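Residue numbers (our numbering): 4 to 276. Data first, discussion second: the structure below is written as structure tokens.
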């Protein structure tokens, strides 16, 4: 995801997606001409769409191996070394060397302070980048500010108001998706579901991604069938606090397909307008 901060990577990714649009369209036409329809057509198109996006992302952005609990910018070798020292001290305490408890407590404090320091360094880098963008790249600066004010703005502008607009019973097809439709419906960073596609792959795809989504959504809408993989969720346990061996200290969440979320939100936005 961090690689999308590089304008060159984003440009190559968008251009590669544009190059796939025509072949994707041709593939849909071939399937229709072969008489495939309904759930069979939708499932085949969704599977091919996912393969196209993953292929382009792997070629232009690359892959990243994520270890659970380590996918943060402030995690580095220094923190890893300190945590290993703390764990070794704790193992010795479990073996009966209680005199090491004071040393273990010191190591715990060091790890905690080091994490705070590393997080602060990352935040300072973000602020410094924003300051540089304010001088040389105003567009990126205001995008940075906008991402952090959008939530509050959306909350306050709806306080004390009610919607009086009538719902149009006719939901149009997806021929007029706006260029920023993905950014509108996806706020912040979206974790992937079973399909392995994170929100940034959609948000940074530009016009090529919008065109691919347009064709995908049109097939789903015309065939009146939602792909089953969009109805499947990936259940993940999140640690809250306390003893990690206590199941009560975990909270379960269900991760759904990001593409399915975009489809549902686009439909919902059209209905409420």
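Each residue gets a CB set at the ideal place from its N, CA and C atoms; glycine is no exception. Owing to the predicted nature of the structure, the values given are computational and were not obtained by experimental measurement.
Worksheet entry | Proximal residues to residue 263 (C-beta, below 7 Å), its chain only, five neighbours per side dropped | Walking along the chain shown from the start, residue 263 turns up at place 260. Residues of the same chain with a CB within less than 7 Å of the CB of residue 263, apart from the 5 flanking positions on each side, are 233 in chain order.
Worksheet item: When the distance is taken between beta carbons, is residue 20 closer than 8 Å to residue 212?
Response: For the purposes of this step, residue 212 is taken as the residue at position 209 of the chain shown. For the purposes of this step, residue 20 is taken as the residue at position 17 of the chain shown. Between residue 212 and residue 20, the C-beta spacing is below 8 Å.
Worksheet item: Do you know offhand how far residue 272's Cα is from residue 83's?
Response: As a first step, residue 272 must be located in the chain shown, where it is residue number 269. As a first step, residue 83 must be located in the chain shown, where it is residue number 80. Straight through space, the alpha carbons of residue 83 and residue 272 are spaced by roughly 45 Å.
Discussion item. By DSSP's criteria, residue 254 is part of a beta bridge. Which residues make up the other side?
Written reply: The residue labelled residue 254 in the question sits at position 251 within the chain shown. The partner list for residue 254 (beta bridge, DSSP) reads 241.
Fill in: Beta-carbon contacts of residue 174 that lie in its chain and below 7 Å, excluding the five residues immediately before and after
Locating residue 174 in the chain shown gives position 171, where the first residue counts as 1. Because the pLDDT of residue 174 is 49, which lies under 50, any placement of that residue in the model is unreliable, and the question is left without a value.
Worksheet item: In or out: residue 105 buried (at least 16 other Cβ within 10 Å) or exposed?
Response: Taking the first residue of the chain shown as 1, we reach residue 105 at position 102. With fewer than 16 other Cβ atoms within 10 Å, it is exposed.
Worksheet entry | Bounding residues of the alpha helix (DSSP H) (the contiguous stretch that carries residue 267) | Taking the first residue of the chain shown as position 1, residue 267 is located at position 264. Unbroken alpha helix (DSSP H) run through residue 267: 261-275.
Discussion item. I need the DSSP call for residue 179, collapsed to helix, strand or coil.
Written reply: Working through the chain shown from its first residue, we reach residue 179 at position 176. Three-state DSSP puts residue 179 in a helix.
Discussion item. On the DSSP letters alone, give me the boundaries of the alpha helix (DSSP H) that residue 46 sits inside.
Written reply: Your numbering for residue 46 matches position 43 in the chain shown. If you look at residue 46, you'll find it in the alpha helix (DSSP H) that goes 41-63.
Item to complete: Evaluate residue 100 with the Cβ neighbour count: other Cβ atoms within 10 Å of its Cβ, from every protein chain shown; 16 or more gives buried, anything less gives exposed.
Response: Numbered from its first residue, the chain shown carries residue 100 at position 97. By the Cβ neighbour-count rule, residue 100 is exposed, with fewer than 16 other Cβ atoms within 10 Å of its own.
Practice prompt. Quick one: grab the DSSP three-state call for residue 172.
Written response: For this step, residue 172 is matched to residue 169 along the chain shown. In this prediction, residue 172 scores a pLDDT of 41, lower than 50, which makes its location untrustworthy; no coordinate-derived value is stated.
Discussion item. So residue 85 and residue 114 are supposed to be a Cβ contact under 8 Å. How far apart are they, rounded?
Written reply: Here residue 85 is taken as the residue at index 82 of the chain shown, counted from 1. Here residue 114 is taken as the residue at index 111 of the chain shown, counted from 1. At roughly 5 Å, the Cβ-Cβ gap stays under 8 Å, so residue 85 and residue 114 are in contact.
Fill in: DSSP three-state assignment for residue 139, whether helix, strand or coil
Taking the first residue of the chain shown as 1, we reach residue 139 at position 136. The three-state reading of DSSP puts residue 139 in helix, counting H, G and I together.
Worksheet item: Got a sec? Which residues, its chain only, sit under 7 Å from residue 53 by beta carbon, not counting five neighbours each side?
Response: Mapped onto the chain shown, residue 53 falls at position 50. Excluding residues within five positions, the ones whose Cβ falls inside 7 Å are 198, 200.
Practice prompt. Decide yes or no for the touch test of the segment 236-247 against the segment 48-62: beta carbon pairs closer than 8 Å, at least 3 of them.
Written response: Flag = no, the segment 236-247 and the segment 48-62 do not touch.
Worksheet item: Where do the ends of the alpha helix (DSSP H) carrying residue 211 lie?
Response: Walking along the chain shown from the start, residue 211 turns up at place 208. Residue 211: member of the alpha helix (DSSP H) spanning 209-226, first to last residue.
Discussion item. Comparing C-alpha positions only, which one of 241, 64, 77 sits nearest to residue 250?
Written reply: Numbered from its first residue, the chain shown carries residue 250 at position 247. Among 241, 64, 77, the Cα nearest to that of residue 250 belongs to 241.
Item to complete: Grab the span of the alpha helix (DSSP H) containing residue 201 for me, first residue to last.
Response: Counting from 1 along the chain shown, the entry for residue 201 is found at position 198. From DSSP, residue 201 is part of no alpha helix (DSSP H); its letter is neither H nor E.
Worksheet item: Whose C-beta lies closer than 7 Å to the C-beta of residue 226 among residues of the same chain, with five residues either side of it excluded?
Response: What you label residue 226 is simply residue 223 of the chain shown in a count that begins at 1. Within its own chain, the residues whose Cβ lies closer than 7 Å to the Cβ of residue 226, once the five positions on either side in sequence are excluded, are 40, 41, 44, 45, listed in chain order.
Worksheet item: Relative to the alpha-carbon of residue 130, which residue among 217, 144, 139 has its alpha-carbon at the smallest distance?
Response: Mapped onto the chain shown, residue 130 falls at position 127. Nearest C-alpha to residue 130: 144.
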